[in-house]
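In my numbering, the protein residues as written are 732 to 992. Here the structure is laid out as structure tokens; the discussion comes afterwards.
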Amino acid sequence: MSRPVVLVTGASRGLGAGTALALAELGANLVLNARNQERLHEVAQQVQALGAAVQVVAGDIGDPETPRRMVQTALEHWDRIDAVVNNAGIILPLARIEEADPEAWMQNWRVNLLAAVMLVKEALPALRAQRGRVVNISSGAAVRAFPGWGAYCAAKAALNHVTAVLALEEPEITAIAFRPGVVDTDMQADIRREGARAMPREWYERFIRYKEEGRLVPPEVIGRMVAHLALAAPHEWNGRFLAYYEEPLRSWLTARGVPIP
């Protein structure tokens with residue numbers, strides 16, 4: 732039986748790297764993307780050590796050519812795509828709306844929203860053929876406003892809605908938006924470094940405490956959840972926004988032997 736082929740963006744670190752390694756353990760071949768080529772190749776070597784084949788496509792996922800190259804690479808090497816994990820994301824700019832920089836907002840949307848749309852667009856013919864899956868990494872900020880996070884909140888809310896639209900337009904695939912919780916990634920480091928000037932003190936200090944009190948979830952823990960969703964999410968969840976701690980996802984993951992933090 733052929734191995735499934737999965738495309739993962741933002742795969743050089745954090746949740747993307749954790750997802751890639753979990754997918755390799757589950758028997759998938761991978762096309763990995765990130766801007767940092769050196770770290771991307773380090774993750775690729777770890778994937779290969781787990782017995783999976785891997786191709787890397789370094790570059791800015793916000794550039795429309797990068798999603799196109801990811802899809803072409805998968806089809807040239809394996810002639811199939813079984814899943815897409817749109818994980819690449821940035822939280823910057825952290826700024827109040829009165830200080831909004833249009834170019835910074837557009838860059839945020841290019842990475843958090845438009846890149847996901849473009850990658851899915853390019854992959855759709857292959858995904859239809861495999862009755863494949865799309866996992867869009869969303870956020871609690873999609874449904875709850877955070878002061879100073881305007882660009883990010885708007886992008887993730889839009890990503891949720893794009894997921895729902897995709898489910899209506901493409902009934903042969905399964906598309907979900909996944910809320911991973913507060914994960915120990917570079918995005919959290921950005922909040923701790925930049926958030927003080929853009930967020931009310933009590934909001935900012937909450938994120939400082941997450942780190943100090945050890946309440947950030949390791950990315951490899953959430954990565955296992957994303958990997959299982961990419962390979963096996965039930966079609967009845969098509970179009971849904973699922974949080975890692977909610978039912979029915981919790982019971983489904985438990986039945987598959989995936990630990991819940």
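From the three backbone atoms N, C-alpha and C, an ideal C-beta is built for every residue, glycine too.
{"Asked": "Simplified DSSP state of Ile828, which is helix, strand or coil", "Found": "helix"}
{"Asked": "Cβ-based burial, Ala964 [other Cβ within 10 Å; buried from 16]", "Found": "buried"}
{"Asked": "C-beta atoms of Ala961 and Ala814 nearer than 8 angstroms", "Found": "yes"}
{"Asked": "First through last residue of the beta strand (DSSP E) which encompasses Ile907", "Found": "905-910"}
{"Asked": "Whole-angstrom C-beta distance between Gly954 and Thr750, which should lie under 8 angstroms", "Found": "4 angstroms"}
{"Asked": "Phe909 beta carbon less than 8 angstroms from that of Ile922", "Found": "no"}
{"Asked": "Sheet register partners of Leu858 (DSSP bridge)", "Found": "In the DSSP output, where bridge partners are listed per residue, Leu858 has none listed."}
{"Asked": "Whole-angstrom distance between Ala846 and Asp794, CA atom to CA atom", "Found": "8 angstroms"}
{"Asked": "Cβ shell of Ile904 (< 6 angstroms), same chain only, five flanking positions each side left out", "Found": "Leu858, Gly863"}
{"Asked": "Own chain residues within Cβ distance below 6 angstroms of Pro992, not counting five before or after", "Found": "Val948, Val952"}
{"Asked": "CA nearest to the CA of Asn969, picked from Glu756, Glu933, Arg946, Ala898", "Found": "Ala898"}
{"Asked": "Buried versus exposed call for Val896 [16 or more other C-beta atoms within 10 Å across all chains shown]", "Found": "exposed"}
{"Asked": "Residues sharing a beta bridge with Arg864, DSSP", "Found": "Ala814, Thr905"}
{"Asked": "Backbone CA spacing between Glu773 and Ala826 [nearest angstrom]", "Found": "34 angstroms"}
{"Asked": "Span of the alpha helix (DSSP H), counted from its first residue to its last, around Ala763", "Found": "The sequence given here places Leu at residue 763; Ala does not occur at that position. Here Leu763 belongs to no alpha helix (DSSP H); instead the beta strand (DSSP E) covers 760-765."}
{"Asked": "Contact test: Glu936 Cβ vs the ligand FMN heavy atom, cutoff 7 angstroms", "Found": "Although the ligand FMN was asked about, the structure shown includes no ligands whatsoever."}
{"Asked": "Span separating the alpha-carbon of Trp1000 from that of Ser733", "Found": "Nothing about residue 1000 can be reported from this structure: the residues present for the chain run from 732 to 992 only."}
{"Asked": "Pairwise C-alpha distance: Pro878 and Arg766", "Found": "28 angstroms"}
{"Asked": "Beta-carbon proximity check, Val737 vs Asn764, cutoff 8 angstroms", "Found": "no"}
{"Asked": "Residue from Val914, Ile821, Ala974, Val957 with nearest C-alpha to Gly945", "Found": "Val914"}
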